[in-house]
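2 protein chains.
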Amino acid sequence: MKNTIQKTAIMNALMALDHPTADEVYECVHNEFPSISKATVYRILNRISEEGEILHLQIPDGADRFDTTLCAHHHLKCNKCGKVCDVDVPELDGIEKRIKEENGFSIGGYRLVFSGLCSDCIFKKSD
Amino acid sequence: MKNTIQKTAIMNALMALDHPTADEVYECVHNEFPSISKATVYRILNRISEEGEILHLQIPDGADRFDTTLCAHHHLKCNKCGKVCDVDVPELDGIEKRIKEENGFSIGGYRLVFSGLCSDCIFKKSD
DNA sequence: TCCTAATTGAGAACTGTTTTCGATTAGGAT
DNA sequence: ATCCTAATCGAAAACAGTTCTCAATTAGGA
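Residue numbers (the numbering used here), protein chains in the order written: chain D, 58 to 184; chain G, 58 to 184.
In structure tokens form, the structure reads like this:
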């Protein structure tokens with residue numbers, strides 16, 4: 058993969074943002090590099106997530122998000138403020154083996170997204 | 058909710074199909090009822106899933122699917138044949154309580170989709 | 001410095017879904 | 001049975017997120 062200015066700018070944006078969407082990355086990079094195209098942002102995000110440099114998260118009810126934390130694989134998503142944060146779920150350790158034995162299904166990967174209310178939002182009024 | 062011909066036809070289609078997408082429901086209903094609109098299919102599927110009559114599943118990398126099985130909440134999705142099937146994951150029983158205590162996050166719901174290869178596809182050639 | 005495959009920007013295209021709006025209809029009230 | 005009206009409908013446009021096309025540019029090895 059060529060080492061373009063665009064890729065560097067996107068990596069920097071990913072470091073600066075927390076679980077950003079492609080559009081949020083675009084907005085951030087666009088500030089310092091107005092000529093960048095949205096297609097380039099999507100292309101580079103896809104490329105580096107395929108290579109395992111970042112995680113590509115599919116969040117229910119919205120745009121995909123990208124995560125520079127490679128070890129924690131599960132997420133909490135607040136339905137009110139929209140914030141996404143990482144969470145460990147050791148309960149699922151070894152689940153691949155059990156499903157393989159019981160269902161014959163070979164798990165390549167999985168994602169778990171909990172939707173709900175974060176501790177900041179839970180006491181706020183409903184509307 | 059009014060009891061329209063369209064709703065009845067969609068309920069019948071949901072019974073006949075296995076984890077269909079909205080488009081698959083539309084195709085099925087459209088056969089016996091050619092004048093139905095896709096907007097109506099989406100509207101009715103959303104309505105009855107909000108009322109809890111069916112589950113609305115958000116599957117990675119593709120269209121949402123609908124499930125008439127209300128008790129099993131998790132799914133296996135084969136990346137080769139596209140089939141989606143139900144699976145129990147008792148490992149997650151009580152997870153809401155732990156996450157609430159440790160993170161202060163109040164889980165409203167979650168879905169877990171395992172991607173991989175089903176037992177039929179696992180021995181097939183890659184391409 | 002040259003060459004070429006990789007990458008880019010702009011915008012069209014695409015997929016899945018929702019919205020708009022005027023026309024139709026279910027089903028309770030009369 | 002008929003009327004009334006809110007609920008629903010069909011068609012098509014709008015929408016969001018993402019991918020594709022293609023001509024122009026560029027990184028980086030020869």
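Built from N, CA and C at the ideal position, the CB exists for glycine as well. As the structure is a computational prediction, the values presented were derived from the model and not from experiment.
Check: Along the chain, which unbroken stretches of the alpha helix (DSSP H) at least 4 residues long are found entirely within the region 71-134 of chain D?
Finding: Listed in chain order, they are 79-89, 95-107.
Note to self: Using 8 Å as the cut-off, can you tell me whether the region 136-153 of chain D makes contact with the region 103-113 of chain D, which would need three or more C-beta pairs spanning the two stretches below that distance?
What the structure shows: At 8 Å Cβ cutoff, the stretches do not touch.
Notebook entry, point to check: In terms of alpha-carbon separation, which member of G:Tyr83, G:His132, G:Thr125 lies closest to G:Arg100?
Noted result: G:Tyr83
Next item on the list: Taking D:Pro77 as the query, report the chain G residues whose CB atoms sit under 8 Å from its CB, ordered along the chain.
Entry: Within 8 Å Cβ-Cβ: nothing; D:Pro77 doesn't reach chain G, min ~19 Å.
Item checked: Straight-line gap, G:Asp184 to D:Ser163 (C-alpha atoms, nearest Å) -> Note that G:Asp184 has pLDDT 42, beneath the 50 cutoff, so the model's placement of it is unreliable and the number below is only indicative. Each residue's Cα considered, the two are about 18 Å apart.
Check: Tell me the DSSP bridge mates of G:Arg168?
Finding: Beta-bridge analysis with DSSP links G:Arg168 to D:Val170.
Next item on the list: Could you tell me which chain G residues have their CB closer than 7 Å to the CB of D:Val144, listed as they occur along the chain?
Entry: Ile156, Asn160
Margin query: So G:Asn103 contacts chain D; which residues on that side make the cut at Cβ distance below 7 Å?
Written below: Result: empty, since nearest Cβ-Cβ is about 12 Å, beyond 7 Å.
Check: When the cut-off is 8 Å and only beta carbons count, does G:Tyr83 lie next to chain D?
Finding: no
Notebook entry, point to check: CA-CA distance, G:Thr65 and G:Arg168?
Noted result: 28 Å
Checklist line | Positions along the region 111-124 of chain G whose CB lies within less than 7 Å of some CB in chain D | finding: Taking a C-beta cut-off of 7 Å against chain D, the contacting residues of the region 111-124 of chain G are Gln115, Pro117, listed in chain order.
Next item on the list: Mind listing the chain D neighbours of G:Gly109? Cutoff is C-beta to C-beta under 7 Å, in chain order.
Entry: Going along chain D, no residue has its Cβ under 7 Å from G:Gly109, so there is no contact; the nearest lies around 16 Å.
Note to self: Among the candidates D:Gly119, D:Ala96, D:Pro117, D:Asp143, whose CA atom is the shortest distance from the CA of D:Cys128?
What the structure shows: D:Asp143
Checklist line | Minimum Cβ-Cβ distance from D:Phe171 to chain G less than 8 Å | finding: yes
Check: Which value, in whole angstroms, describes the spacing of the CA atoms of D:Ala70 and G:Gly161?
Finding: 29 Å
Check: What are the start and end residues of the alpha helix (DSSP H) that includes D:Asn160?
Finding: 152-160
Next item on the list: Please check if any C-beta of chain D sits within less than 8 Å of the C-beta of G:Ile152.
Entry: yes
Check: How would you list, in chain order, the residues of chain D whose beta-carbon sits under 7 Å from the beta-carbon of G:Leu195?
Finding: The first residue shown for chain G is 58 and the last is 184, placing residue 195 of chain G beyond what the model contains.
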